[in-house]
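Peer 1: Chains as they are written, first to last, in the numbering used here: chain U, 11 to 214; chain H, 11 to 214.
Number of protein chains: 2
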Amino acid sequence: MKAAIPTNIHPGLLRSLQQFVGFTQSEYELFCTFLEVCHVKKKEIYLQPGKISHATAYVNKGCLRRYILDDHAKEIIVNFAIEDWWIGDLESFVHQTPTIYYIQALEDSELFLLTRSSFSALCEEIPKYKTFHDEKVQRNHYTTLKRLALAKSGTPEEKYLLLMKEQPQLFQRIPLHYIASYLGIEPESLSRLRKRLTEKPQKS
Amino acid sequence: MKAAIPTNIHPGLLRSLQQFVGFTQSEYELFCTFLEVCHVKKKEIYLQPGKISHATAYVNKGCLRRYILDDHAKEIIVNFAIEDWWIGDLESFVHQTPTIYYIQALEDSELFLLTRSSFSALCEEIPKYKTFHDEKVQRNHYTTLKRLALAKSGTPEEKYLLLMKEQPQLFQRIPLHYIASYLGIEPESLSRLRKRLTEKPQKS
DNA sequence: CGATTTTTTGAATCATATCAACGTACGTGG
DNA sequence: CCACGTACGTTGATATGATTCAAAAAATCG
Chain U
11 MKAAIPTNIH
21 PGLLRSLQQF
31 VGFTQSEYEL
41 FCTFLEVCHV
51 KKKEIYLQPG
61 KISHATAYVN
71 KGCLRRYILD
81 DHAKEIIVNF
91 AIEDWWIGDL
101 ESFVHQTPTI
111 YYIQALEDSE
121 LFLLTRSSFS
131 ALCEEIPKYK
141 TFHDEKVQRN
151 HYTTLKRLAL
161 AKSGTPEEKY
171 LLLMKEQPQL
181 FQRIPLHYIA
191 SYLGIEPESL
201 SRLRKRLTEK
211 PQKS
Chain H
11 MKAAIPTNIH
21 PGLLRSLQQF
31 VGFTQSEYEL
41 FCTFLEVCHV
51 KKKEIYLQPG
61 KISHATAYVN
71 KGCLRRYILD
81 DHAKEIIVNF
91 AIEDWWIGDL
101 ESFVHQTPTI
111 YYIQALEDSE
121 LFLLTRSSFS
131 ALCEEIPKYK
141 TFHDEKVQRN
151 HYTTLKRLAL
161 AKSGTPEEKY
171 LLLMKEQPQL
181 FQRIPLHYIA
191 SYLGIEPESL
201 SRLRKRLTEK
211 PQKS
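#1: Under 8 Å, with one C-beta from each stretch per pair, do the segment 79–89 of chain H and the segment 26–40 of chain H reach the 3-pair mark?
#2: Since U:T66 meets chain H, which of its residues come closer than 7 Å, beta carbon to beta carbon?
#3: Below 9 Å on C-beta distance, what does U:L132 contact in chain H?
#4: Is H:H82 helix, strand or coil when you go by DSSP?
#5: Put H:L57 into one of helix, strand or coil per three-state DSSP.
#6: Please list the partners that H:H82 has in chain U, where partner means a Cβ-to-Cβ separation under 8 Å.
#7: From what residue to what residue does the alpha helix (DSSP H) around H:L193 run?
#8: Got a sec, what are the start and stop residues for the alpha helix (DSSP H) U:H143 sits in?
#9: Using a Cβ cut-off of 9 Å (strictly closer), state whether U:I78 contacts chain H.
#10: Indicate whether H:L173 and H:L186 have their beta-carbon atoms separated by less than 9 Å.
#11: Between H:E176 and H:L203, is the Cβ-Cβ spacing less than 9 Å?
#12: Could you work out which residues of chain H lie near U:A159, taking near to mean beta carbons separated by less than 7 Å?
#13: Could you tell me the alpha carbon to alpha carbon distance between H:H49 and H:R206, rounded to whole angstroms?
#14: For H:F33, count neighbouring C-beta atoms within 10 Å of its own C-beta (all shown protein chains included) and say buried if the count is 16 or more, exposed if not.
#15: So is U:A83 buried or exposed if we call it buried at 16+ other beta carbons inside 10 Å?
#16: Quick one: using the 10 Å Cβ neighbour count with 16 as the cut-off for buried, is H:T165 buried or exposed?
#17: On the criterion of 16 or more Cβ atoms from any shown chain inside 10 Å, does U:T107 qualify as buried, or is it exposed?
#18: Just to confirm my understanding: we take H:K52, look at its own chain, exclude 5 residues before and 5 after, and list those with CB closer than 6 Å. What are they?
#19: Can you confirm whether U:H187, when its beta carbon is compared against all beta carbons of chain H, has any partner nearer than 9 Å?
#20: Roughly how many whole angstroms lie between the Cα atoms of U:I184 and U:L23?
#21: In chain order, what residues of the same chain lie with their CB nearer than 7 Å to the CB of U:Y139, ignoring the 5 residues before and after it?
#22: Taking a Cβ distance cut-off of 7 Å, strictly less, list which residues of the segment 132–156 of chain H are near chain U, in chain order.
#23: Just checking: is the beta-carbon of H:V50 within a distance shorter than 9 Å of some beta-carbon in chain U?
#24: Give the C-beta separation of H:D80 and U:S163 to the nearest angstrom, bearing in mind that I take them to be a contact with Cβ-Cβ under 8 Å.
#25: Within 9 Å (strictly less), CB to CB, does U:I97 reach chain H?
#26: Please state the DSSP three-state secondary structure of U:K71.
#27: One question on the structure: do H:L45 and H:L100 come within less than 9 Å of each other, judged by their Cβ atoms?
#28: Give a yes or no on whether 9 Å exceeds the smallest Cβ distance from U:G60 to chain H.
#29: Could you tell me which chain H residues have their CB closer than 8 Å to the CB of U:V104, listed as they occur along the chain?
#30: Skipping 5 residues on each side, what residues in its chain have a beta carbon closer than 7 Å to that of U:E120?
#31: Which one or two residues does DSSP pair with U:W96 in a beta bridge?
#32: Who are H:E120's beta bridge partners in DSSP?
#33: For the beta strand (DSSP E) holding H:Y112, just list the boundary residues, first then last.
#34: How many Å lie between U:L57 and U:R75 at the Cα?
#35: What residue range is occupied by the uninterrupted alpha helix (DSSP H) comprising H:R25?
#36: Could you check where the alpha helix (DSSP H) with U:Q35 kicks off and where it finishes?
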């Protein structure tokens, strides 16, 4: 499953590290030496409740979902991750506590793992990476808070249209019943909702 | 509204700073010199959309709510803050951007403000405070993610009972229609839900 | 092609929202 | 101290919209 360091250049990763962390080319190369490649097959579970997350993962290729199983054994999707996103359970990763989440690949995926020890070493070697990481957590927090408010606001239709507008890429590769779960509705409801929208098309 | 430094010892603040930041008595005293007192009357708006949050606030006394006004002009309560909690919009505070939230006092409240410049100075003088602050943001992020999942899981009744169990203090001082908004339901529904629960009491 | 996954459709049911009205508690000012 | 106004909570009748269950149709994959 895990393998050695990736050898070629990864444009998405390079670009975001240059842009957000201000990495130089050589810092980027150093950064890459801390990574491990991990391949996860479609449907395969990458992380599951009770396990400890030993790494945070950059999605180089593919698509995954993070979800919980609630008291009624119903899957609730918390987020998706596609190329150029990071995925993992930071709480489990940082505090080495058992996670409550599942992370499953929806397509054959290639992840670049930054393990806990590599992460520590990296932060020692390139302190600004630590700053970048902390700011990433902060940004995630802001957006999660907004999503929480949004979850209690408006109709399923409005939530659907908003997601369509903000994350159209997701609709091109993720089965609709997963989108339904993410929106907090049943697949049948999403189907009917979409039908209504095509019948009464958007104000021409 | 704002006044000078608080003079006496504030047990809740002292305890949490000792416990979580590992402050000594003298560090605590130094910390206090960075604070400003601010009194907010019941119903008064402490922060509103469009404004920039110039401080993060420790609630020494009282109770506040943070909410947004959604597209249908409906108030959605994101969180409450009572004694010994911090409240503010970190996104606005950190990046000096206009907030999207209202923060309103539900009781006459006393806040200790840490302004942006004080915060910077404090982090310079006591670097571990910065670490503490970053970790606080992280913890908030974990709990917000769980709340997001929970928001899509289970019935209103289950959410109500969970809140009852985890934050019983809130019910002693916050009007039920605010609790309803926090739970994402209408006041009437909360009323009926509570009636059902008293009629069919918990499995004796 | 056969098997599995995904999406759609229909009908019945159920829970919450909505609208309207009333009861109650609280606190302020006369 | 009472009276009045405001804020809060409850109740009833009705409507709305999503869920549930069952089944079929469509798409995807090996």
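Every residue, glycine too, gets a C-beta built ideally from N, C-alpha and C.
Predicted model, so just to flag it, every value in this text is computed and none were measured.
Peer 2: For this structure:
#1: no
#2: Near U:T66 there are no residues of chain H at all, since even the closest Cβ is about 13 Å away, more than 7 Å.
#3: Neighbours of U:L132 on chain H: none; closest Cβ ~17 Å, over 9 Å.
#4: coil
#5: strand
#6: S163, G164
#7: 186–193
#8: 137–161
#9: yes
#10: no
#11: no
#12: I78, I86, V88
#13: 40 Å
#14: buried
#15: exposed
#16: exposed
#17: exposed
#18: A115, E117, D118
#19: no
#20: 23 Å
#21: V31, L132, C133
#22: D144, V147, Q148, N150, H151, Y152, T154, L155
#23: no
#24: 4 Å
#25: no
#26: strand
#27: no
#28: no
#29: Q148
#30: V47, H49, N70, K71, G72
#31: U:Y68
#32: H:H49, H:K71
#33: 112–115
#34: 11 Å
#35: 21–26
#36: 35–43
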